[in-house]
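Here the structure comes first, spelled out in structure tokens, and everything after it is commentary.
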Ligand code: MIC
Ligand code: SF4
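Residue numbers (the working numbering): 7 to 651.
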């Protein structure tokens with residue numbers, strides 16, 4: 007039977023289940039990655055499994071999110087992560103080395119392999135032909151322990167690329183185009199596979215930009231073929247041995263096909279406050295800009311930053327615009343420096359930021375009140391930048407450089423210094439000295455003392471599901487609530503390893519009284535229930551968006567729909583993910599309503615259907631939790647930690 011790329015990788019890694027869309031599939035994970043903001047919890051959970059060392063081919067612990075280090079907390083986390091890595095045979099990437107996804111692509115990504123990462127942008131690895139999936143930390147901990155990763159066997163969409171991008175239009179515009187077609191919700195259970203003659207015209211970093219931001223569609227992952235371009239990239243990284251060809255068979259089947267002619271694309275922007283709110287740069291042209299930030303795991307490659315440097319070379323950034331660049335890795339910095347491009351950037355007035363997540367997660371560089379900020383990153387959720395009133399637009403490096411020069415939205419094709427194309431180098435500068443490798447890969451050092459400063463807390467454990475839910479609709483939120491709304495990052499990131507403290511921040515930008523209300527209900531023996539609209543839990547993989555609500559006594563979410571990673575995280579922490587059987591029932595429940603569900607455990611054991619009694623209004627309606635047998639037992643036990651592998 008002719009197979010597509012997704013099927014080829016899934017068949018080669020299948021441990022249980024069938025490749026029938028909608029069915030649960032268990033797969034073997036070859037590589038894992040964590041980053042510091044999700045990593046501490048993942049490793050605390052891994053430690054509790056009591057193993058001697060990781061059981062994957064390769065596991066990496068990157069530190070890239072919390073590198074600002076205001077106070078002792080981040081440094082404590084780094085010390086813990088470094089010692090755990092050494093203890094269990096995990097490669098540790100020191101702070102300052104770069105952003106996890108860029109580094110992984112450069113140094114470890116392998117066509118045909120599976121990668122599970124505790125970060126939603128792990129699909130960046132799809133640019134090199136991996137099946138790379140984002141998940142909650144506990145799922146990654148299970149994979150590190152050699153356990154299967156479970157996913158819904160996906161529907162596969164072929165995105166057939168033809169033609170070639172014109173100068174001034176780049177990979178970011180391709181994925182923004184895809185986002186304009188599919189939007190940010192309704193894509194759960196789908197994988198995008200790129201194919202067609204246009205693929206050969208895109209380098210690996212361009213492909214990785216496209217698969218990276220597939221996360222914003224809510225798809226399970228996105229993948230490109232592994233071809234001669236992939237081979238050249240790996241040769242240039244001195245990793246030819248990791249290459250293998252991987253293409254779809256000629257008559258491979260797809261659930262859906264999207265045709266994109268690269269030659270017809272124009273520079274695009276995701277407008278406030280959603281990555282799916284797409285407009286054209288031409289339509290925005292002339293609008294004044296206050297800040298331009300270039301970097302993040304989406305657009306911080308050598309190719310991207312060299313393009314920007316060439317556009318700015320010998321020129322000055324507009325006097326009213328603040329411009330910053332955060333390169334993706336030390337390799338990128340070293341190469342820009344060797345070619346004198348770093349000097350060009352500095353001379354033009356650009357602020358050089360650390361090669362880390364930084365501005366992308368609102369760690370610093372928050373824009374001013376009502377400011378218009380253009381960024382090459384992947385998320386523009388309201389408030390994520392650290393400034394609630396700021397207007398964030400997501401754009402390509404070319405459009406960013408154009409705005410940096412003119413002080414306004416400008417079509418980069420009108421900029422004289424726009425280079426025709428930046429060729430991929432035949433040799434990248436290799437310096438792996440900021441990776442701490444274990445003496446023999448995968449082997450831990452059992453005598454290593456794990457360093458636990460006061461910031462390293464404990465993972466809260468859930469309680470077995472009670473048969474009666476008796477509680478309160480503690481909050482009712484609208485459509486597209488992101489995990490940034492549920493669990494803010496930025497200045498709050500340093501509490502990631504301290505659940506009681508971080509729980510005080512749940513929904514703080516949506517409803518500052520949430521914490522008081524939820525903890526008061528919990529302390530009075532009432533269960534908390536979150537009521538939500540469509541696409542609840544978009545965005546990040548942060549399991550804190552489930553763990554902290556669990557800590558506050560949340561037992562169920564009732565939503566019109568729930569996004570994939572967040573839904574898995576809710577189950578892993580013993581929170582029932584219910585969907586309204588009839589979406590209009592959303593209107594029949596207000597914040598503060600007293601609600602009950604009888605026979606909850608039987609409902610979960612059965613078909614997942616339960617009747618909610620709204621005691622305040624006297625109305626009843628049905629909700630459904632679509633669960634596999636495995637998920638049912640996790641929920642009934644009170645979460646995955648009760649029974650990890
Ligand atoms: C993000 O981009 O939102 C993050 C921060 O990288 C998250 C992970 C986290 O919350 O730590 C993600 O994308 O999963
Ligand atoms: Fe880091 Fe931003 Fe990428 Fe998340 S999206 S991994 S915060 S650079």
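C-beta: ideal position from N, C-alpha, C; glycine also.
Should the segment 60-67 be called in touch with the segment 134-150, which here means at least 3 C-beta pairs below 8 Å?
-> yes
So what's residue 637 in DSSP terms, helix, strand or just coil?
-> Walking along the chain shown from the start, residue 637 turns up at place 631. Correct three-state label for residue 637: helix.
At what residues does the alpha helix (DSSP H) containing residue 45 begin and finish?
-> By 1-based counting over the chain shown, the position of residue 45 is 39. Here the alpha helix (DSSP H) through residue 45 covers 42-53.
Answer with buried or exposed for residue 518, where buried requires no fewer than 16 other C-beta atoms within 10 angstroms of its C-beta.
-> Taking the first residue of the chain shown as position 1, residue 518 is located at position 512. With fewer than 16 other Cβ atoms within 10 Å, it is exposed.
First and last residue of the beta strand (DSSP E) that includes residue 449?
-> As a position in the chain shown, residue 449 is number 443, starting the count at 1. No beta strand (DSSP E) holds residue 449; DSSP gives it neither H nor E.
Distance cut 5 Å, beta-carbon to ligand 1 heavy atom: residue list by chain order | 43, 44, 125, 126, 367, 546, 547 and 548
Are the Cβ atoms of residue 281 and residue 393 separated by less than 8 Å?
-> Position 275 of the chain shown, counted from the start, is the residue given in the question as residue 281. Position 387 of the chain shown, counted from the start, is the residue given in the question as residue 393. It is not a contact, given that the beta carbons lie outside the stated cut-off.
Distance, Cα to Cα, residue 407 vs residue 219?
-> Here residue 407 corresponds to residue number 401 of the chain shown, with the count starting at 1. Here residue 219 corresponds to residue number 213 of the chain shown, with the count starting at 1. Each residue's alpha carbon lies about 20 Å from the other.
Using CA coordinates, which residue listed in 176, 537 and 611 is at the minimum distance from residue 310?
-> Residue mapping note: residue 310 aligns to position 304 of the chain shown, counting from 1. Nearest option by C-alpha distance: 176.
What do you get for residue 16, buried or exposed, if any count of 16 or more other CB atoms within 10 angstroms of its CB means buried?
-> Within the chain shown, the letter at position 10 stands for residue 16. Residue 16 is buried by the Cβ-count criterion.
Please find out if some non-hydrogen atom of ligand 2 comes closer than 7 Å to the beta-carbon of residue 302.
-> The residue labelled residue 302 in the question sits at position 296 within the chain shown. Under cutoff, so the answer is yes.
Do you know how far the Cα of residue 590 is from the Cα of residue 222?
-> Along the chain shown, read from residue 1 onward, the residue named residue 222 stands at position 216. Along the chain shown, read from residue 1 onward, the residue named residue 590 stands at position 584. Rounded to the nearest angstrom, the two C-alpha atoms are 26 Å apart.
Straight-line CA distance for residue 4 to residue 262?
-> It is not possible to answer for residue 4, since the shown part of the chain is limited to 7 through 651.
Leaving out five residues on either side along the sequence, give the residues of the same chain with a beta carbon under 7 Å from the beta carbon of residue 71.
-> The residue labelled residue 71 in the question sits at position 65 within the chain shown. Excluding positions up to five away in sequence, the list reads 41, 42, 43, 363, 367 and 499.
Tell me the DSSP bridge mates of residue 397?
-> In the chain shown, counting from the first residue as 1, residue 397 sits at position 391. The partner list for residue 397 (beta bridge, DSSP) reads 378.
Along the alpha helix (DSSP H) that carries residue 218, what are the first and last residues, could you check?
-> For the purposes of this step, residue 218 is taken as residue 212 along the chain shown, with counting starting at 1. Counting along the chain, the alpha helix (DSSP H) containing residue 218 begins and ends at 210-218.
Nonlocal neighbours in the same chain, by C-beta distance under 6 Å from residue 180, ignoring five residues either side | Here the question's residue 180 lines up with position 174 in the chain shown. Cβ within range, chain order: 216.
Curious, which full-length beta strand (DSSP E) runs of at least 3 residues does the segment 94-133 contain?
-> 97-99 and 120-123
Taking DSSP as the reference, what is the three-state secondary structure of residue 24?
-> As a first step, residue 24 must be located in the chain shown, where it is residue number 18. Coil, per DSSP.
Within the same chain, show all residues whose beta-carbon is closer than 6 Å to that of residue 322, passing over the 5 residues directly before and after it, in chain order.
-> By 1-based counting over the chain shown, the position of residue 322 is 316. Contacts found: 354 and 355.
Beta bridge counterpart(s) of residue 534 as assigned by DSSP | The sequence position of residue 534 within the chain shown is 528, counting from 1. Note: residue 534 sits in a beta bridge opposite 478 and 560.
If we cut at 8 Å on Cβ distances, does residue 505 have a partner in chain C?
-> Chain labels in this structure do not include chain C; a single protein chain is all it has.
Kindly indicate which residue of 395, 630, 54 and 312 has the alpha-carbon position closest to the one of residue 429.
-> On the chain shown, position 423 is the one that residue 429 refers to. When each option's Cα is compared against that of residue 429, the closest is 312.
Is the beta carbon of residue 336 within less than 7 Å of some heavy atom of ligand 2?
-> If you number the chain shown from 1, residue 336 lands on position 330. No, ligand 2 has no heavy atom inside 7 Å of this Cβ.
Given a threshold of 16 other Cβ atoms within 10 Å of its Cβ, counted over all protein chains shown, does residue 449 qualify as buried or as exposed?
-> Taking the first residue of the chain shown as position 1, residue 449 is located at position 443. Exposed, since its Cβ has fewer than 16 Cβ neighbours within 10 Å.
Smallest Cα separation from residue 274: which of 365, 419 and 144?
-> Counted from its first residue, the chain shown places residue 274 at position 268. Nearest of 365, 419 and 144 to residue 274, Cα basis: 419.
Given that a residue counts as buried once 16 or more other Cβ atoms are within 10 Å of its Cβ, and exposed if not, what is residue 443?
-> Taking the chain shown and counting its residues from 1, one reaches residue 443 at position 437. Exposed is the call here.
DSSP on residue 594, reduced to helix/strand/coil?
-> Working through the chain shown from its first residue, we reach residue 594 at position 588. Here residue 594 sits in helix by DSSP.
Going by beta carbon distance, what residues of the same chain come within less than 6 Å of residue 27, once the five residues before and after it are set aside?
-> The residue you call residue 27 lines up with position 21 of the chain shown. Closer than 6 Å at the Cβ level, and outside the excluded window around residue 27, lie 159 and 161.
Should residue 385 be listed as close to ligand 2, given that the test is whether its C-beta is under 7 Å from any heavy atom?
-> Within the chain shown, the letter at position 379 stands for residue 385. Checking every heavy atom of ligand 2 against the Cβ of residue 385, one is found closer than 7 Å.
Determine the closest residue to residue 567 out of 557, 578, 549 and 543, with distance taken between C-alpha atoms.
-> If you number the chain shown from 1, residue 567 lands on position 561. That would be 543, whose Cα lies nearest to the Cα of residue 567.
In whole angstroms, what is the alpha-carbon distance linking residue 382 and residue 307?
-> Indexing the chain shown from 1 puts residue 382 at position 376. Indexing the chain shown from 1 puts residue 307 at position 301. Computed Cα separation, rounded: 11 Å.
Count the other CB atoms, across all protein chains shown, that sit within 10 Å of the CB of residue 331; report buried if there are 16 or more and exposed otherwise.
-> By one-based count along the chain shown, residue 331 stands at place 325. It counts as buried.
Scan the segment 175-202 and note each continuous alpha helix (DSSP H) run of 4 residues or more that stays entirely inside, going in chain order.
-> 177-188
Residue 491: beta carbon under 7 Å from a heavy atom of ligand 2?
-> Numbered from 1 along the chain shown, position 485 holds the residue referred to as residue 491. Checking every heavy atom of ligand 2 against the Cβ of residue 491, none is found closer than 7 Å.
Apart from the five residues on each side of it in sequence, which residues of its chain come closer than 6 Å, Cβ to Cβ, to residue 401?
-> The count along the chain shown starts at 1 and reaches residue 401 at position 395. Contacts found: 275 and 380.
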